[in-house]
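*Asks:* Protein sequence lines correspond, in order, to chains A and B.
The first sequence begins at 4 in our numbering and counts up one residue at a time.
The second sequence begins at 6 in our numbering and counts up one residue at a time.
Beta carbons: idealized from backbone N, C-alpha and C, even for Gly.
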Amino acid sequence: MELSLLSVLAIVGLLGLVIAVLLRSFGVSWGKGFLVGLVVLPLLLAAGGGLTYVSVILIKTLEIQMGGLLFGGLASITIVAAAGVALSRNILYSGFFLMGTLIGVAGLYLFIGADFVGIAQLVIYLGGILVLILFAVLLTNRISDVSVSNKSTHMGVGAAAALVVFGGGAFMALKTSWATVEAVATPSTARMGDAFLREYLLPFELISLILLMALVGAMVIARRAAKDAAADDIEAPGLDRLE
Amino acid sequence: MEAIWNVGLTHYLVVSSALFALGLLTVSTRTSAVAILMGVELILNAASLNFVAFSHFVEGGIGGQVFSVFIIVLAAAEAAVALAIVLAIFRHFKTIDSEDTSTLRD
């Protein structure tokens with residue numbers, strides 16, 4: 004669609020008029036409305052167009068690949084959220100930063116094609132474990148506190164240790180020549196189903212036993228002792244008639 | 006310059022190391038038991054990410070992803086039991102601060 008300068012000016016002018024009328028319905032005066040519609044809006048559009056042009060040129064010169072950019076975004080979300088978990092002063096904020104980390108890691112799983120692991124992460128970790136952690140946070144702190152405190156001790160030594168660990172891990176990752184193969188990210192749920200019922204059948208059954216043990220154990224540990232339970236028996240009016 | 010954007014095993018390992026280091030920081034500096042548990046979850050996620058990355062980039066089948074699912078399931082079991090313990094401790098000490106719940110003699 005060929006657009007001459009005159010038609011562009013006409014479109015911008017019409018848009019400005021529409022915006023001025025819209026703002027008038029909100030009670031903004033005509034003068035301010037026309038200012039916004041005819042000056043501010045075209046400036047914003049020009050700025051947006053300029054930014055798009057600059058970013059396209061940057062992408063071409065730096066040879067950025069879209070896959071790498073997406074990975075960079077996911078990795079940034081994960082690491083920034085993990086830093087929030089570690090350094091936040093409010094434990095409820097830490098819980099929500101943990102949610103961000105888990106979502107980032109699930110995104111990294113999906114980026115690489117591990118779709119079953121990614122969805123399992125979202126359903127089990129986010130939908131189960133994170134909710135459990137938030138329950139524990141809210142049950143062990145007074146909800147009336149606006150800022151739920153999260154003390155940290157010996158931050159200097161801890162930060163030094165964490166830096167050493169990260170340095171060692173990153174150095175090893177960059178220096179080793181890994182025997183990698185060119186792999187395409189393909190969905191793996193069918194292969195996982197096969198693996199669970201063939202090579203990994205015994206661990207699969209053992210895991211269900213472990214879940215049963217965890218369920219029973221958590222119930223035993225978290226229930227009140229017998230005499231505590233008897234102390235706050237519920238008074239039911241009709242209970243005597245049953246006995 | 007192009008090698009940075011071509012996502013490979015190294016990228017995943019660096020992200021995994023960063024997650025592990027931040028989880029270690031959380032576990033070692035926090036005093037609230039639930040916050041320590043959050044740090045443990047970070048460490049588990051780092052290991053799981055490592056497994057999946059190796060399973061994808063290095064030849065050898067799907068064992069890494071299977072193990073990641075096992076890690077997720079075990080983390081769920083561990084979180085349930087750990088939080089039950091945290092609740093029991095809170096009922097006894099009225100706090101879960103690890104410095105206030107220490108009954109070792111000074």
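Take the Cβ of A/G247 as the centre, count every other Cβ of all protein chains shown within 10 Å, and call the residue buried at 16 or more, exposed below.
*Replies:* With chain A represented from 4 up to 246, any question about residue 247 of chain A goes unanswered, as that position is not in the structure.
*Asks:* Got a sec, what are the start and stop residues for the alpha helix (DSSP H) A/H157 sits in?
*Replies:* No alpha helix (DSSP H) contains A/H157, which DSSP labels as neither H nor E.
*Asks:* Give every residue of the same chain whose Cβ lies closer than 7 Å to the Cβ of A/Y112, excluding the five residues on either side of it in the sequence, and list them in chain order.
*Replies:* Cβ neighbours of A/Y112 beyond the five flanking positions: V120, G121 and Q124.
*Asks:* Going along the chain, which residues of its own chain have a beta-carbon closer than 6 Å to the beta-carbon of A/L137, five neighbours each way excluded?
*Replies:* So the qualifying residues of the chain are G98.
*Asks:* Would you mind stating whether A/V108 and B/L27 have Cβ atoms separated by less than 8 Å?
*Replies:* No, Cβ-Cβ distance for A/V108 and B/L27 is not below 8 Å.
*Asks:* So who's on the other strand from A/D118, going by DSSP bridges?
*Replies:* The partner list for A/D118 (beta bridge, DSSP) is empty, contrary to what the question assumes.
*Asks:* Taking 8 Å as the cut-off, decide whether the C-beta atoms of B/T31 and B/A40 are in contact.
*Replies:* Yes, Cβ-Cβ distance for B/T31 and B/A40 is below 8 Å.
*Asks:* According to DSSP, is A/N93 part of a helix, a strand, or is it coil?
*Replies:* Correct three-state label for A/N93: strand.
*Asks:* To the nearest angstrom, how far is the alpha carbon of B/L24 from that of A/G52?
*Replies:* For B/L24 and A/G52, the distance between alpha carbons rounds to 38 Å.
*Asks:* Evaluate contact between the segment 212-229 of chain A and the segment 124-134 of chain A, counting only Cβ atoms and requiring at least three cross-stretch pairs below 8 Å.
*Replies:* With the cut-off at 8 Å, the segment 212-229 of chain A and the segment 124-134 of chain A do not touch.
*Asks:* Are the beta-carbon atoms of A/T104 and A/A85 separated by less than 8 Å?
*Replies:* Against a cut-off of 8 Å, the Cβ pair of A/A85 and A/T104 comes out as a contact.
*Asks:* With a 10 Å radius around its C-beta and 16 neighbouring C-beta atoms as the bar for buried, classify A/V88 as buried or exposed.
*Replies:* Burial call: buried.
*Asks:* Taking three-plus beta-carbon pairs below 8 Å as touching, is the segment 166-176 of chain A in contact with the segment 10-19 of chain B?
*Replies:* As far as the Cβ criterion goes, the segment 166-176 of chain A touches the segment 10-19 of chain B, which means the pair count is three or higher.
*Asks:* When you compare the CB of A/S10 with every CB in chain B, is at least one pair closer than 8 Å?
*Replies:* Not one chain B Cβ lies under 8 Å of A/S10.
*Asks:* Can you pull the DSSP bridge partners for B/S37?
*Replies:* Partner(s): B/D102.
*Asks:* How about B/S33: is its C-beta nearer than 8 Å to some C-beta of chain A?
*Replies:* Taking Cβ atoms only, chain A reaches closer than 8 Å to B/S33, which makes this a yes.
*Asks:* Using a Cβ-Cβ distance cut-off of 8 Å, determine whether B/S107 contacts chain A.
*Replies:* No, B/S107 does not count as interfacial toward chain A.
*Asks:* List the endpoints of the continuous alpha helix (DSSP H) containing A/G30.
*Replies:* Here A/G30 belongs to no alpha helix (DSSP H), and DSSP marks it neither H nor E.
*Asks:* Are the beta-carbon atoms of B/A82 and A/L25 separated by less than 8 Å?
*Replies:* For B/A82 and A/L25, no; Cβs fall outside 8 Å.
*Asks:* Along chain A, which residues have their Cβ under 8 Å away from the Cβ of B/I9?
*Replies:* Those within 8 Å of B/I9 in chain A are G71.
*Asks:* Taking 8 Å as the threshold, find out whether the segment 194-207 of chain A comes into contact with the segment 68-86 of chain B through three or more Cβ pairs.
*Replies:* A contact exists between the segment 194-207 of chain A and the segment 68-86 of chain B.
*Asks:* Using DSSP with H/G/I as helix, E/B as strand and the rest coil, what is A/W181?
*Replies:* If DSSP states are grouped into helix, strand and coil, A/W181 belongs with coil.
*Asks:* Would you report the Cα separation of B/L14 and A/V57, rounded to the nearest angstrom?
*Replies:* Roughly 31 Å between the two C-alpha positions.
*Asks:* With distance defined between alpha-carbon atoms, name the residue in B/S103, B/A84 and B/I94 nearest to A/L2.
*Replies:* Because chain A is modelled from 4 through 246, residue 2 of chain A falls outside the range shown and cannot be assessed.
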